[in-house]
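Q: Each residue of the sequence shown is one higher than the one before, starting from 283 at the first, in my numbering.
Positions of the beta carbon are idealized from the N, C-alpha and C atoms, including for glycine.
Got a structure for you, questions after.
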Amino acid sequence: PHPILRSDYRPPAWLVPAVHLEVELDPAATRVRARLSVEPQGGTPGAPLRLDGAPGMVPERIAVDGRPLGAEEWRIEGEQLVIPLDQGAHIVDTEVVIAPEGNTQLMGLYASGGLLCTQCEAEGFRRITFFPDRPDVLSRYTVRMVADRARYPVLLANGDQTGTGDMTDGRHWAEWHDPFPKPCYLFAMVAGDLKANRDRFVTASGRSVELGIWVREADLPRTAHAMAALKASMAWDERVYGREYDLSIFNIVAVADFNFGAMENKGLNIFNSRYILADPETATDADYDAVAGVVAHEYFHNWSGNRVTCRDWFQLSLKEGFTVFRDQEFSADQGSRAVKRIEDVRVLRAAQFPEDAGPLAHPIRPDSYLEISNFYTATIYNKGAEVIRMLHTMLGAEGFRRGSDRYFDENDGTAATCEDFLRAMETANGVDLGGFRRWYGQAGTPRVRALLSHDAASGTARLSLAQIVPPTPGQPDKLPMPIPLRLALFGAESGRTLVPERVHILSEAEDSILFPAIGERPVLSINRGFSAPVVIESDRSAEDLAFLSAHDDDPFARFEAMQQLMVDTLVALIEGRPADEAAVIEAVRTTLADEALDAAFVGEAVLLPTEAFLGDQLAQVDPVAIRRAREGLRQRLGRTLEAQWRAAYAATAANGFALTPVAKGRRRLRTVALGYIAASGAADAAALALAQFEAADNMTDRYGALGVLGSMVAPERERALEGFYERYRADALVLDKWFTVQALSTREDTAEQVARLARHPDFTLANPNRLRALVGAFAANQHAFHAADGSGYRFVADMILAADPINAQTAARLVPPLGRWRRFEPMRAALMRAELERIVATPGLSRDVFEQASKSLG
Ligand code: DPP
Ligand code: ZN
């Protein structure tokens, strides 16, 4: 396969201002008649019309301007239909027959449960009909859907419904028209037996919008939270960005089989049901938050993605990074800003930092790809959001808003680039973001060394800063990047603020700041609020970190100081150096005792860094040594502070379910405390966990207890797992949790259990949620996946190869854990590498898996 290069971008030779589709829906044979109005774009005379198609797709009929074409008047080249055309506008008709029920890749038109639905981003539309499948071809769509009335009573597409009617043969039809020109990746269509939770939203200018969340009838009671989140998102985008919704209908459909989390199709979002359905019995607090976050994300795309779309897929972060930033801020405004920031940074560190440090590292605006589906990454999304956040930090909220207004004004209705976004920010604010552009082109997580020295005699302090952007594949040498660092100084003795927070932009490789009038020894608080996606290397002592964890006035910085203290201690333990365990234990004790802190924050702050994150801090990963050190410290934290954990556990006892931030925080801390009580080895831990499991009136407490039990060797564990299965076996989303909790277990027999679960009648490779719930979770289990005999690697590789022919996109997303082989000690590295080699050597591999596995070997 040939790489697609960003530098090869050329504007399309032909535009398609209007599309008429007539779709006769049938699971086995759906007939699609497409009528494209095409016109040449200036400056490319003589180029034939090229329409993308899918492997094996053949047109049953082609006509130009009403005249059927003979076989010699068109050709298939690769997967493209090529039609030579005279200059000037034409009407091109094609007709194909496709089979949605055989479509296991879940791209294009496919069947899920009893539904027929579509997923077109990035390149799914070409599986539905021949079309220039690229985001810079924008068209107005009219769609006539025809289907069996009994089986598919509801027919939905983008825009407004313009007509419906019955046929004489038991079928019915519906016609939809979307007045907004859009790229084909935003096309959507759904047919099925669905019921709607209906509501209404009146926009700032007084237009009424009909809202519908469409699900199976039995799921209707689980849609209230998504609906509330949708209305809150619509109001938030008006208030914070001045963006109003623009159609009279906004529909969401939940489907059980979906590659992404959700999809922002114009006026008809299609969701993975796990990001719509929520009730206390089946969804955890984290699930509730994820539902609201994803509903907001997809809604916000209506402006950042749909009204202004991407010129080409190299610009993906233009819409994704910006929209993730928007949904993060929305969620921060709905609950605890500090806890949201902690969660987002956790995700960045768990998913993006390793990507940036490995063989698949790429800048947020990549330069090449084999398969675009592989680029829906933590880098494009989460680092992309951090890059936007840095702009927000540097320009201030008002300056950022001026820039975003300008961006939307200038680019509305067009397919834009990251450069267009940056230029709008520049002109609106009269600033030069020249150097900042390097964040778009350079991969790798910058490391910032920050050393603070104090001269008591002169009463001055000096902060020396130095940055290094590490080499990444294809990018051996990097230039320094502008790094906005929020920082402050506190007095080590007095606890006073010596230098209030300021933003310092480290633009050069090295820099220093002189602080006058610093009488007492200062303690440095830096990268507060995680103002830049970098790694800070400082020489702050355990004492100073403990001080910050108790006294910093930025809650994120307090969390960060505690994490750093824990990391320093654990890395020392892993490397066999003297470690200050007592400092960690006392800092945790102080945090638990601080009554000014809310429970949600405490629950986050007292957690030890994950085994994976610890591995990322080491020159070479030895999972056994990491686990031994971490479990040892966890046990000592559990034992030494057992009374405090029990007190926290008692103080957060559930009494009546509420979704308020306070109630959520208490549930969070409760399960964290339960985990430490279990870690202490207390004899009653399993009984306590089972009691929580059985008494729970909500999934957060129940699943929290199950998570603790999952790693125990106790009869209570089996009882809880069996009870959970019996209670929820009919609910796919909850059953996913049952698979996950076993795949994440730290027990010695996890590998065997997971192998058995892969043969369980409820396991299937065909459902992406289920595949991720078992295999994705297992690959994140640092103990079982990294078993010394390589059995974990073999299992994951086997699953990738088994899933690849069914769903290449989802299979490819399981490859990166194996791709981290270079980071591991030689024995494991060789075993991981061998599995990647076995994958690459397999005949008939998809482009998706081939790209991920071959790049991982490189
Ligand atoms: N549907 C995916 C998302 O919203 C891709 N656009 O991020
Ligand atoms: Zn998105």
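With respect to the alpha helix (DSSP H) encompassing Thr-953, which residues constitute its N-terminal and C-terminal limits?
A: On the sequence shown, position 671 is the one that residue 953 refers to. 943 to 961 is the span of the alpha helix (DSSP H), which, as asked, contains Thr-953.
Q: Starting from the Cα of Phe-657, find the closest Cα among Leu-1139, Arg-1129 and Gly-1140 and give me that residue.
A: For the purposes of this step, residue 657 is identified with residue 375 of the sequence shown, where counting begins at 1. Taking only the C-alpha atoms, the option nearest Phe-657 is Arg-1129.
Q: If the criterion is Cβ atoms closer than 7 Å, does the pair Gly-1074 and Gly-640 meet it?
A: For the purposes of this step, residue 1074 is taken as residue 792 along the sequence shown, with counting starting at 1. For the purposes of this step, residue 640 is taken as residue 358 along the sequence shown, with counting starting at 1. No, these two residues do not count as a Cβ contact at 7 Å.
Q: Indicate the three-state DSSP secondary structure (helix, strand or coil) for Ala-572 in the structure shown.
A: As a position in the sequence shown, residue 572 is number 290, starting the count at 1. Three-state result, Ala-572: helix.
Q: Considering only the alpha carbon of each residue, which of Gly-575, Asp-368 and Asn-588 lies closest to Ser-421?
A: Here residue 421 is taken as the residue at index 139 of the sequence shown, counted from 1. Ranking the options by Cα distance to Ser-421, first place goes to Asn-588.
Q: Identify the continuous beta strand (DSSP E) that holds Glu-278 and give its terminal residues.
A: Because the chain here runs from 283 to 1140, residue 278 falls outside it and cannot be looked at.
Q: List the endpoints of the continuous beta strand (DSSP E) containing Ala-493.
A: Within the sequence shown, the letter at position 211 stands for residue 493. Contrary to the premise, residue 493 reads as Leu rather than Ala in this sequence. Start and end: 490 to 497.
Q: Kindly list the residues whose CB is nearer than 8 Å to the CB of Pro-1099, restricted to its own chain and excluding five residues on each side of it in sequence; keep chain order.
A: Taking the sequence shown and counting its residues from 1, the one referred to as residue 1099 is at position 817. Ala-1061, Ala-1062, Phe-1067 and Val-1078, listed in sequence order.
Q: At the level of alpha carbons, what is the spacing between Leu-1083 and Val-866?
A: For this step, residue 1083 is matched to residue 801 along the sequence shown. For this step, residue 866 is matched to residue 584 along the sequence shown. One C-alpha to the other measures close to 44 Å.
Q: Which runs of the beta strand (DSSP E) spanning at least 3 residues fall entirely within the segment 967 to 1033, listed in chain order?
A: Whole beta strand (DSSP E) segments, 3+ residues: zero.
Q: Which residues in the same chain as Phe-838 place their Cβ atom closer than 7 Å to its Cβ, once the five residues preceding and following it in sequence are excluded?
A: In the sequence shown, residue 838 corresponds to position 556, counting from 1. Cβ within range, chain order: Ala-620, Arg-623, Ile-624, Arg-810, Gly-811 and Phe-812.
Q: Starting from the Cα of Tyr-240, find the closest Cα among Pro-435, Arg-431, Phe-407 and Ser-655 and give me that residue.
A: Residue coverage of the chain in this structure runs from 283 to 1140, which leaves residue 240 outside it and unanswerable.
Q: So, Leu-287 versus Leu-398, is the Cβ gap smaller than 7 Å?
A: As a position in the sequence shown, residue 287 is number 5, starting the count at 1. As a position in the sequence shown, residue 398 is number 116, starting the count at 1. Their beta carbons are not under 7 Å apart, which means Leu-287 does not touch Leu-398 by this criterion.
Q: Measuring only the C-alpha atoms, how far is Leu-847 from Ala-824?
A: In the sequence shown, the residue the question calls residue 847 occupies position 565. In the sequence shown, the residue the question calls residue 824 occupies position 542. One C-alpha to the other measures close to 6 Å.
Q: Helix, strand or coil: which one does DSSP assign to Ala-456?
A: Position 174 of the sequence shown, counted from the start, is the residue given in the question as residue 456. Three-state result, Ala-456: strand.
Q: When the Cβ atoms of the segment 626 to 641 are set against those of the segment 672 to 682, are three or more pairs found closer than 8 Å?
A: Judged by Cβ distances under 8 Å, the segment 626 to 641 makes no contact with the segment 672 to 682, as fewer than three pairs qualify.
Q: Of the residues Ala-1069, Val-1023, Met-1081 and Phe-1006, which one's Cα is nearest the Cα of Arg-263?
A: In the structure displayed, the chain extends from 283 to 1140; residue 263 sits before or after that span and is not available.
Q: Grab the span of the beta strand (DSSP E) containing Met-339 for me, first residue to last.
A: Locating residue 339 in the sequence shown gives position 57, where the first residue counts as 1. Where Met-339 is concerned, there is no enclosing beta strand (DSSP E), given that its DSSP letter is neither H nor E.
Q: Excluding sequence positions up to five away, which residues of its chain have a Cβ less than 7 Å from the Cβ of Ala-311?
A: Within the sequence shown, the letter at position 29 stands for residue 311. Same-chain partners within the cutoff: Val-379 and Ala-381.
Q: Measure how close the beta-carbons of Asn-980 and Asp-1018 come, nearest whole angstrom, since I'm counting them as under 8 Å.
A: Reading the sequence shown from its first residue, position 698 is the one you call residue 980. Reading the sequence shown from its first residue, position 736 is the one you call residue 1018. Actually they do not touch by this definition, with Cβ atoms about 18 Å apart.
Q: I'd like to confirm something about Met-545: is its beta-carbon nearer than 6 Å to some heavy atom of the ligand DPP, or not?
A: Here residue 545 corresponds to residue number 263 of the sequence shown, with the count starting at 1. Yes, the ligand DPP has a heavy atom inside 6 Å of this Cβ.
Q: Could you tell me the distance, in whole angstroms, from the CA atom of Asn-664 to the CA atom of Thr-605?
A: Reading the sequence shown from its first residue, position 382 is the one you call residue 664. Reading the sequence shown from its first residue, position 323 is the one you call residue 605. Roughly 10 Å between the two C-alpha positions.
Q: Starting from Ser-394, follow the alpha helix (DSSP H) in both directions and report where the run begins and ends.
A: Stepping through the sequence shown from its first residue, residue 394 is reached at position 112. Here Ser-394 belongs to no alpha helix (DSSP H); instead the beta strand (DSSP E) covers 390 to 394.
Q: On the three-state DSSP scale, how would you describe Asn-385?
A: The sequence position of residue 385 within the sequence shown is 103, counting from 1. Coil, per DSSP.
Q: Give the straight-line distance between the Cα atoms of Ala-486 and Pro-804, rounded to the nearest whole angstrom.
A: The residue you call residue 486 lines up with position 204 of the sequence shown. The residue you call residue 804 lines up with position 522 of the sequence shown. C-alpha separation (whole angstroms): 50 Å.
Q: By DSSP, does Ile-856 sit in helix, in strand, or in coil?
A: Along the sequence shown, read from residue 1 onward, the residue named residue 856 stands at position 574. Three-state DSSP puts Ile-856 in a helix.
Q: Looking at Pro-294: is its Cβ nearer than 7 Å to the Cβ of Val-472?
A: Taking the first residue of the sequence shown as 1, we reach residue 294 at position 12. Taking the first residue of the sequence shown as 1, we reach residue 472 at position 190. Not in contact: Pro-294 and Val-472 (Cβ atoms no closer than 7 Å).
Q: Taking only the alpha-carbon atoms, compute the straight-line gap between Ile-495 and Tyr-651 and give it to the nearest angstrom.
A: In the sequence shown, residue 495 corresponds to position 213, counting from 1. In the sequence shown, residue 651 corresponds to position 369, counting from 1. Roughly 36 Å separates the two Cα atoms.
Q: In chain order, what residues of the same chain have a beta carbon less than 7 Å from the beta carbon of Arg-720, not counting five sequence neighbours either side?
A: Counting from one through the sequence shown, the residue named residue 720 turns up at place 438. Around Arg-720: Leu-761 and Met-763.
Q: Compute the distance between the beta-carbons of Asp-914 and Ala-961, then report whether it is under 7 Å.
A: By one-based count along the sequence shown, residue 914 stands at place 632. By one-based count along the sequence shown, residue 961 stands at place 679. According to the sequence as given, residue 914 is Gly; it is not Asp. Not in contact: Gly-914 and Ala-961 (Cβ atoms no closer than 7 Å).
Q: Suppose the cutoff is 7 Å on Cβ atoms and the five residues either side in sequence are ignored; what does the same chain contact list for Ala-799 look like?
A: In the sequence shown, counting from the first residue as 1, residue 799 sits at position 517. Counting only Cβ-Cβ distances below 7 Å, and skipping sequence neighbours, we find Gly-741.
Q: Around the C-beta of Asp-983, are 16 or more other C-beta atoms found within 10 angstroms, so that it is buried, or is it exposed?
A: Here residue 983 refers to the residue found at position 701 when the sequence shown is read from its first residue. Buried: at least 16 other Cβ atoms inside 10 Å.
Q: I'd like to check one pair, Ala-706 with Pro-417: are the Cβ atoms closer than 7 Å?
A: On the sequence shown, position 135 is the one that residue 417 refers to. On the sequence shown, position 424 is the one that residue 706 refers to. Not a contact, by the Cβ cut-off of 7 Å.
Q: To the nearest angstrom, how far is it from the Cα of Ala-968 to the Cα of Pro-1087?
A: By one-based count along the sequence shown, residue 968 stands at place 686. By one-based count along the sequence shown, residue 1087 stands at place 805. Between Ala-968 and Pro-1087, the C-alpha separation is close to 42 Å.
Q: By the DSSP assignment, the alpha helix (DSSP H) with Leu-915 in it spans what residues?
A: Counting from 1 along the sequence shown, the entry for residue 915 is found at position 633. Taken as a continuous stretch (DSSP letters only), the alpha helix (DSSP H) holding Leu-915 covers 905 to 922.
Q: Does the ligand ZN have a heavy atom nearer than 6 Å to the CB of Thr-605?
A: Locating residue 605 in the sequence shown gives position 323, counting from the first residue. For the ligand ZN, at least one heavy atom lies less than 6 Å from the Cβ of Thr-605.
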